[in-house]
Amino acid sequence: MQTPSPPIAAPRGAIVVPFRSESAMSDQHRPVMLDEALAGLALRPGGLYIDGTFGRGGHSAAILEAIGAEGFLHAFDQDPTAIASAQQRFGACANFRIHHRNFAELGAVVEELGLAGKVDGVLMDLGVSSPQFDDAERGFSFLRDGPLDMRMNTSAGEPASAWIARAKDNEIADVLYQYGEERASRRIARRIVEARGLAPITRTTQLAEIIARAMPGPRQKIHPATRSFQAIRIFINRELDVLPQALGAATQALAPAGRLAVISFHSLEDRIVKHFIRDAGGVRRDAPGALLKAVSRDFPTDEECAQNPRARSAVLRVAERRA
Numbered sequence: 281m282q283t284p285s286p287p288i289a290a291p292r293g294a295i296v297v298p299f300r301s302e303s304a305m306s307d308q309h310r311p312v313m314l315d316e317a318l319a320g321l322a323l324r325p326g327g328l329y330i331d332g333t334f335g336r337g338g339h340s341a342a343i344l345e346a347i348g349a350e351g352f353l354h355a356f357d358q359d360p361t362a363i364a365s366a367q368q369r370f371g372a373c374a375n376f377r378i379h380h381r382n383f384a385e386l387g388a389v390v391e392e393l394g395l396a397g398k399v400d401g402v403l404m405d406l407g408v409s410s411p412q413f414d415d416a417e418r419g420f421s422f423l424r425d426g427p428l429d430m431r432m433n434t435s436a437g438e439p440a441s442a443w444i445a446r447a448k449d450n451e452i453a454d455v456l457y458q459y460g461e462e463r464a465s466r467r468i469a470r471r472i473v474e475a476r477g478l479a480p481i482t483r484t485t486q487l488a489e490i491i492a493r494a495m496p497g498p499r500q501k502i503h504p505a506t507r508s509f510q511a512i513r514i515f516i517n518r519e520l521d522v523l524p525q526a527l528g529a530a531t532q533a534l535a536p537a538g539r540l541a542v543i544s545f546h547s548l549e550d551r552i553v554k555h556f557i558r559d560a561g562g563v564r565r566d567a568p569g570a571l572l573k574a575v576s577r578d579f580p581t582d583e584e585c586a587q588n589p590r591a592r593s594a595v596l597r598v599a600e601r602r603a
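The sequence shown begins at 281 in my numbering and counts up one residue at a time.
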């Protein structure tokens with residue numbers, strides 16, 4: 281597959297930044313299942329790749345190292361902090377471009393740049409990045425006190441506190457059940473509505489305490505607020521709504537034998553990815569004209585899980601575009 285030269289003029293939302301050597305990886309966050317994801321992409325020097333979820337650039341740095349100066353990498357992220365990180369980390373690179381856009385817009389960018397059917401591999405690392413989760417000001421963690429925000433793109437959309445303040449109890453319950461598989465969703469929703477009648481719910485630990493009080497009984501293996509925080513985050517960012525769109529766009533971008541590698545962290549995401557690969561974007565895998573074939577499903581090693589407990593729920597699925 282011949283890699284096209286990068287366009288001279290940057291498209292809307294794109295920033296051209298130069299590459300700095302991979303030596304910077306040593307003191308940066310190491311993404312979950314990095315080696316497995318890179319192997320799944322079957323990276324080759326000079327190839328054209330897309331990192332659909334830049335985060336803090338761990339995957340992007342490794343991809344750029346593998347493809348060399350003749351290759352090209354387009355990366356996407358909706359988080360302004362991630363965009364700033366890209367500018368800082370890749371300060372000398374002519375073959376990297378960061379797009380400040382949700383990966384749901386991947387298809388539009390591919391069309392703008394004329395890359396449909398030319399990309400050698402697309403990587404998606406779903407969910408919240410560790411730097412986002414560790415920053416209390418982002419509001420993703422129930423263990424750290426911070427504003428109840430939860431937006432991945434802090435420059436757009438509605439923070440979780442605003443939705444909590446206006447949603448009806450049945451709406452809250454539906455979100456907790458649908459996106460968090462929380463069995464106590466209705467009881468938690470009632471307690472949230474009762475509590476906000478006494479004082480606005482604006483802090484993460486405030487909401488976590490309300491949820492914990494709504495779930496009396498034996499101590500659970502996970503924090504009582506785990507599923508509810510996951511559900512609210514997914515809802516606020518429309519994560520499951522945009523995922524099928526992004527997967528479809530990635531498939532259309534791939535060249536024959538191009539690879540799609542997706543890392544999921546909970547069953548709802550993985551189910552969407554699994555079914556998408558199985559059906560190849562609406563075409564049954566055993567039907568003529570099927571677009572994808574499944575290549576592998578992998579899990580993190582015991583060693584990685586011991587070093588990084590967040591890796592325990594990760595699943596990597598790899599598929600290949602049929603000729």
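Backbone N, C-alpha and C define an ideal beta-carbon position, used for all residues, glycine too. Please read these numbers as outputs of a predicted model, since none were measured by experiment.
Contact belief for Ala441 with Ile481 at Cβ below 8 Å, rounded distance in angstroms: Checking the sequence shown, residue 441 turns out to be Ser, not Ala. Taking a contact as a CB-CB distance under 8 Å, the pair Ser441 and Ile481 counts as one, their CB atoms being some 6 Å apart.
Supposed contact pair Val408 and Ile330 - C-beta distance, whole angstroms, cut 8 Å: 20 Å between Cβ atoms; not a contact.
Rounded C-alpha distance that separates Arg551 from Ala535: Their backbone Cα atoms lie some 25 Å apart in a straight line.
Distance, Leu386 Cα to Val595 Cα: Whole-angstrom Cα-Cα distance: 22 Å.
Completely contained beta strand (DSSP E) runs for the region 310–380, where each covers 3 or more residues: Those beta strand (DSSP E) runs which fall completely within the region 310–380 and span 3+ residues are 328–331, 352–356, 376–379.
Cβ contact (3+ pairs, closer than 8 Å) linking the region 430–444 and the region 460–467: Cβ pair count under 8 Å is below three, so no.
Whole-Å CB distance - Ala541 paired with Gly401, under 8 Å assumed: Going by Cβ atoms, the distance from Ala541 to Gly401 rounds to 7 Å, so yes, they are a contact pair.
Residue range of the alpha helix (DSSP H) that includes Asn536: The sequence shown places Pro at residue 536, not Asn. Segment 534–544 is the beta strand (DSSP E) holding Pro536; no alpha helix (DSSP H) there.
Buried or exposed (CB count within 10 angstroms, at least 16 for buried), Asp315: Residue environment: Asp315 is assigned as exposed (fewer than 16 neighbouring CB atoms within 10 Å of its CB, all protein chains considered).
First and last residue of the uninterrupted beta strand (DSSP E) at Asp576: A quick correction: the sequence has Ser, not Asp, at residue 576. That run of the beta strand (DSSP E) goes 572–578.
Pairwise C-alpha distance: Met313 and Ser593: Pairing Ser593 with Met313, the inter-Cα distance amounts to about 11 Å.
Close Cβ partners of Val455 (< 6 Å) along its chain, the five nearest in sequence each way excluded: Excluding its 5 nearest sequence neighbours in each direction, Val455 has C-beta neighbours in its own chain below 6 Å: Ala511, Phe515, listed in chain order.
Three-way DSSP call (helix, strand, coil) for Glu392 in this model: Note: Glu392 maps to helix in three-state DSSP.
As assigned by DSSP and simplified to three states, the class of Asp405: Three-state result, Asp405: strand.
8 Å Cβ shell around Leu428 - same chain, five flanking residues per side excluded: So the qualifying residues of the chain are Gly419, Pro439, Ala440, Ser441, Ile444, Ile481, Thr482, Arg483, Thr484, Gln486, Leu487.
Gln587 versus Pro580: straight-line alpha-carbon distance, rounded: Each residue's Cα considered, the two are about 11 Å apart.
Proximity of Ala254 and Gly332 at Cβ, strictly below 9 Å: Residue 254 cannot be examined here, being either before or after the span of the chain that is shown, 281 to 603.
Collapsed DSSP secondary structure at Leu275 in the structure displayed: Here the chain covers residues 281 to 603 and nothing more, so residue 275 does not appear.
Classification of Glu549 by the beta-carbon crowding that lies within 10 angstroms, buried from 16 upward: The residue is buried, with at least 16 neighbouring Cβ atoms inside 10 Å.
Rounded separation between Gly338 and Ala349 - CA only: C-alpha separation (whole angstroms): 18 Å.
For Gln500, the first and last residue of its enclosing alpha helix (DSSP H): Neither: Gln500 is in no alpha helix (DSSP H) and is coded neither H nor E.
Boundaries of the alpha helix (DSSP H) in which Gly460 is found, first to last residue: It spans 449–460 - the alpha helix (DSSP H) in which Gly460 sits, taken as one unbroken run.
Cβ pair Ile378, Ala366 closer than 9 Å: The Cβ-Cβ distance between Ile378 and Ala366 falls below 9 Å.
Buried versus exposed, by CB contacts within 10 Å (16 or more), Asp425: With fewer than 16 other Cβ atoms within 10 Å, it is exposed.
Identity of the residues DSSP links to Arg601 by a beta bridge: By DSSP's assignment, Arg601 forms a beta bridge with Leu572.
Among Ser421, His546, Arg493, the one whose alpha carbon lies nearest that of Glu474: Comparing Cα-Cα distances from Glu474 to each of Ser421, His546, Arg493, the minimum goes to Arg493.
For Ile490 and Pro496, the rounded distance between their alpha carbons: Pro496 and Ile490 have their C-alpha atoms spaced approximately 11 Å apart.
DSSP three-state assignment for Arg463, whether helix, strand or coil: Coil at Arg463, not helix or strand.
Reference Asp578, options Ile472, Phe545, Phe556, Ala364, closest by Cα: It is Phe545.
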